[in-house]
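Numbering (the numbering used here), first residue to last: 389 to 870.
Written out as structure tokens, the structure reads:
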């Protein structure tokens, strides 16, 4: 890692994964400005978040498989270019429809580049240097996540929300240039020539799209034929997806991986936890601006303590989980997060940051620190070491899909109208109804962990020890020495 080539590999992967991570942290802050500028309703703001998450969650497993077979650098670079093209289109979007379509394109790029970041590091470093390289990668990624809200808020309040997307273009150009010149190509020698489960990926993405459409459009259209039809069709494609994965000899989502009771239980915990996180960070950024009167920069900075705490303490939390086992962290962590979200009920008009906002975010951040690293470690320990990459990919996709559904469903469940974000009183009332729902999902996660997670956290330790993402855990690469 002290050599020039090693530094170039790290720079490339940090730039690529950093773009996707920044995008997930700054777009929520820009939503009120996007809505005002494009004169849109709440559904468009939900789609601005979910169009990206939809294609990312639906295709991320396929993206990892493509890199392993055809070349990680090739697929990574393709994803960066695709992400940059989507970002450029987002920044130039003349209306909401183009913005949503461009966000979906961004998600496809993210699904191609995200799995490749750690895989490139793993292939490019000697095993003795790999842990340190991954530590540097995750640490710099965490710094990027911490800087993101400041940068995003400054861009939104300054040159405008479009620059939240346009800034990705020069970063992508630098990333591609460095990758093509300095990053060696690598493939997984264990991959074989069986056809990809493209139909499975398509069915999975279509299921998420149909269900998301029904949930987002229901407040405006009610129980119209289109909304009900989309919901029913989503259930049908979901059933077809499950049936296909059970019958294929080489499926994208092998059903037998769920034969592990602990793996299944931890993924249930993951869904509950990241559904709560997705709903919270979507609504909290709006609450701080629409109700509390914060600027975009103020709202982004206000949410920073959760990222900083995860960056500083997640490695130690993972070590603690390895010593005492995952049951206590996975039980206590969600309860702390639930308490933090309930404390956010104090945030109303003219909320004081130190008195009202900061205590809630510190408690939430400590809960995230407690649970996220042990969650990843438990996922990896619950399967054979040779399937660690697959297990991590499934867990990451489950987390992102949960956040996607939460952003679609939570406003509906809380009774949030199409124009709620334009009214401080209306949005504040629905926010107060939504936070207990997020807390309830976390309490359910705690209960599931307490009742089902009993095995000590021994096994495959995560290579990515520092974690700062709030939309999903880091994807751990496959272990070639297994």
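The beta-carbon is built from N, C-alpha and C at its ideal position, and this holds for glycine as well. Source: prediction; values computed, not measured.
How about residue i and residue j: are their beta carbons less than 7 Å apart?
| i | j | result |
| --- | --- | --- |
| residue 659 | residue 790 | yes |
| residue 416 | residue 669 | yes |
| residue 816 | residue 736 | yes |
| residue 495 | residue 443 | yes |
| residue 603 | residue 433 | no |
| residue 652 | residue 834 | no |
| residue 526 | residue 404 | no |
| residue 696 | residue 534 | yes |
| residue 402 | residue 528 | yes |
| residue 787 | residue 662 | yes |
| residue 717 | residue 759 | yes |
| residue 461 | residue 567 | yes |
| residue 819 | residue 609 | no |
Using three-state DSSP, classify residue i as helix, strand or coil.
| i | result |
| --- | --- |
| residue 575 | coil |
| residue 612 | coil |
| residue 513 | coil |
| residue 841 | coil |
| residue 713 | coil |
| residue 411 | helix |
| residue 702 | helix |
| residue 425 | helix |
| residue 547 | coil |
| residue 482 | coil |
| residue 406 | helix |
| residue 524 | helix |
| residue 777 | helix |
| residue 417 | helix |
| residue 846 | The pLDDT assigned to residue 846 is 48, lower than 50, so where the model puts this residue is not dependable; a value taken from the coordinates is nonetheless given after this. Residue state, collapsed to three classes: coil. |
| residue 707 | helix |
| residue 804 | coil |
| residue 738 | coil |
| residue 681 | coil |
| residue 475 | helix |
| residue 811 | coil |
| residue 693 | helix |
| residue 799 | helix |
| residue 722 | helix |
| residue 558 | helix |
Just reading off the alpha helix (DSSP H) that residue i is part of, what are its end residues?
| i | result |
| --- | --- |
| residue 924 | Past the edges of the chain, shown from 389 to 870, lies residue 924, and the structure says nothing about it. |
| residue 553 | 550–554 |
| residue 434 | 430–458 |
| residue 649 | 649–674 |
| residue 641 | Residue 641 -> no alpha helix (DSSP H), and no H or E assigned at all. |
| residue 688 | 684–690 |
| residue 747 | 746–769 |
Which whole-angstrom value describes the C-beta separation of residue i and residue j, a residue pair presumed to lie in contact below a C-beta threshold of 8 Å?
| i | j | result |
| --- | --- | --- |
| residue 702 | residue 767 | Going by Cβ atoms, the distance from residue 702 to residue 767 rounds to 15 Å, so no, they are not a contact pair. |
| residue 945 | residue 476 | Residue 945 cannot be examined here, being either before or after the span of the chain that is shown, 389 to 870. |
| residue 343 | residue 482 | Because the chain spans 389 through 870 in this model, residue 343 falls outside it and cannot be assessed. |
| residue 544 | residue 684 | 4 Å |
| residue 550 | residue 479 | 4 Å |
| residue 450 | residue 587 | That belief does not hold up - the Cβ atoms of residue 450 and residue 587 are roughly 11 Å apart, past 8 Å. |
| residue 503 | residue 455 | 6 Å |
| residue 342 | residue 753 | No statement about residue 342 is possible, as the shown extent of the chain runs from 389 to 870 and does not include it. |
| residue 877 | residue 408 | Given that the chain is displayed from residue 389 to residue 870, the structure contains no residue 877 and the question cannot be resolved. |
| residue 648 | residue 770 | 5 Å |
| residue 779 | residue 751 | Wrong, their Cβ atoms sit about 30 Å apart, outside the cutoff. |
| residue 795 | residue 666 | 6 Å |
| residue 825 | residue 798 | 6 Å |
| residue 842 | residue 715 | 6 Å |
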